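Sequence order for the protein chains is Z and E. Numbered by the numbering used here, the letters in the first sequence go through residues 231 to 344 in order. Numbered by the numbering used here, the letters in the second sequence go through residues 606 to 720 in order. In this text, a Cβ means the ideal position worked out from N, Cα and C, and glycines have one as well. Only a predicted model underlies this, so the values are computations on that prediction, with no experimental measurement involved.
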Amino acid sequence: GAVVSQHPSWVICKSGTSVKIECRSLDFQATTMFWYRQFPKQSLMLMATSNEGSKATYEQGVEKDKFLINHASLTLSTLTVTSAHPEDSSFYICSARVSNQPQHFGDGTRLSIL
Amino acid sequence: AQTVTQSQPEMSVQEAETVTLSCTYDTSENNYYLFWYKQPPSRQMILVIRQEAYKQQNATENRFSVNFQKAAKSFSLKISDSQLGDTAMYFCAFSGGNAGNMLTFGGGTRLMVKP
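In structure tokens:
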């Protein structure tokens, strides 16, 4: 149980394009989802915390208008990278929280901006 | 704010041997959780083991065990009988309050198990 599905797993697009990444909890309801970013050979850095039905809480240094997060239901959160540029190329990972249990991670999305 | 430090960027171990990965952290909280995550080349994040700070007994999961020294704020991971499939990045992580709160990760240790 506690499966988190992230889609797409890999996306390549042109500079200036907006890209949407979906994070779904398949067999449980997640009141909180988290979005992380991981550059090559580096650790995961929390970008934002997403609570169902409310605005996301962004970490310092993360542009709210650049990385739009929507958590419209208890099973779906989306991250939209707006007007993506090559420096936005990275590995994006979501996770979902169930009560007081450890977070369950999606398999990540590799974003490449040309 | 919490910080998590992994002082070993890379380590290697022979198959069937034992290896210990180091992790230290800094926090002013009394109630928190510590985790070790494994990230193989597939980049999937796999929870290896977790420790509640209020528990004195060290957590164990099969070949994986931790040495939790609360006063020293140290949380090392011991892998016994290392297997080739243990080759991966290992991240130490901290969560304050409860196990589902936001995670602060260490910089990671790349472990290579050699045949």
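Inter-residue spacing [alpha-carbon to alpha-carbon] between residue i and residue j
i	j	result
S348 (chain Z)	G246 (chain Z)	Any answer about residue 348 (chain Z) is impossible in this case: the structure gives chain Z only from 231 up to 344.
N663 (chain E)	Q656 (chain E)	7 Å
V624 (chain E)	N636 (chain E)	28 Å
G283 (chain Z)	A326 (chain Z)	15 Å
C697 (chain E)	H315 (chain Z)	31 Å
H301 (chain Z)	Y266 (chain Z)	15 Å
N330 (chain Z)	A260 (chain Z)	11 Å
V324 (chain Z)	C628 (chain E)	Note that residue 324 (chain Z) is Cys in the sequence shown, not Val. So the alpha carbons of these two residues sit roughly 24 Å apart.
W176 (chain Z)	L344 (chain Z)	Residue numbering for chain Z in the displayed model covers 231 to 344; residue 176 (chain Z) lies beyond these limits and cannot be assessed.
S633 (chain E)	G711 (chain E)	17 Å
P720 (chain E)	T312 (chain Z)	46 Å
L689 (chain E)	S255 (chain Z)	31 Å
Q272 (chain Z)	Y659 (chain E)	30 Å
V609 (chain E)	V249 (chain Z)	32 Å
Residue i, DSSP secondary structure in three states
i	result
G701 (chain E)	strand
E317 (chain Z)	helix
D257 (chain Z)	coil
L276 (chain Z)	strand
D337 (chain Z)	coil
L689 (chain E)	helix
R267 (chain Z)	strand
A655 (chain E)	Residue 655 (chain E) is actually Arg in this sequence, not Ala. Residue state, collapsed to three classes: strand.
L682 (chain E)	strand
E252 (chain Z)	strand
L309 (chain Z)	strand
T632 (chain E)	coil
V292 (chain Z)	coil
S325 (chain Z)	strand
A302 (chain Z)	strand
M694 (chain E)	strand
L345 (chain Z)	Examination of residue 345 (chain Z) is not possible in this model, given that chain Z is present from 231 through 344 alone.
M707 (chain E)	coil
E622 (chain E)	coil
Contact belief for residue i with residue j at Cβ below 8 Å, rounded distance in angstroms
i	j	result
I242 (chain Z)	Y322 (chain Z)	Not really, about 14 Å apart at Cβ, beyond 8 Å.
Q649 (chain E)	D257 (chain Z)	Wrong, their Cβ atoms sit about 17 Å apart, outside the cutoff.
M616 (chain E)	L716 (chain E)	5 Å
S687 (chain E)	E622 (chain E)	6 Å
T339 (chain Z)	Q268 (chain Z)	In fact, because the Cβ distance is near 11 Å, the residues do not count as touching under 8 Å.
L298 (chain Z)	T310 (chain Z)	4 Å
**Message:** Which residues of the segment 306 to 335 of chain Z have a Cβ closer than 8 Å to any Cβ of chain E? Give them in chain order.
**Reply:** F321, I323, S325, R327, V328, S329, N330, Q331, P332, Q333 and F335
**Message:** Check whether the segment 674 to 687 of chain E and the segment 289 to 304 of chain Z touch, using three or more Cβ-Cβ pairs below 8 Å as the test.
**Reply:** no
Return the residues of the segment 634 to 654 of chain E that lie within a Cβ-Cβ distance of less than 7 Å from chain Z, sorted by chain order. F640, R648, Q649, M650 and L652
| message | Give me the subset of the segment 608 to 633 of chain E whose CB atoms are less than 8 Å from a CB atom of chain Z, sorted by chain position. | response | none
For the 8 Å Cβ check, are there 3 or more pairs between the segment 637 to 644 of chain E and the segment 303 to 315 of chain Z?
no
- Message: Short of 7 Å Cβ to Cβ, which residues in the segment 270 to 290 of chain Z face chain E?
- Response: S273, L274, L276 and T279
* Identify each residue in the segment 705 to 716 of chain E for which the Cβ-Cβ distance to at least one residue of chain Z is less than 7 Å, and report them in chain order. => G705, M707, L708, F710, G711, G712 and G713
task = Please name the residues in the segment 246 to 257 of chain Z whose beta-carbon is closer than 9 Å to at least one beta-carbon of chain E, in chain order.
result = none
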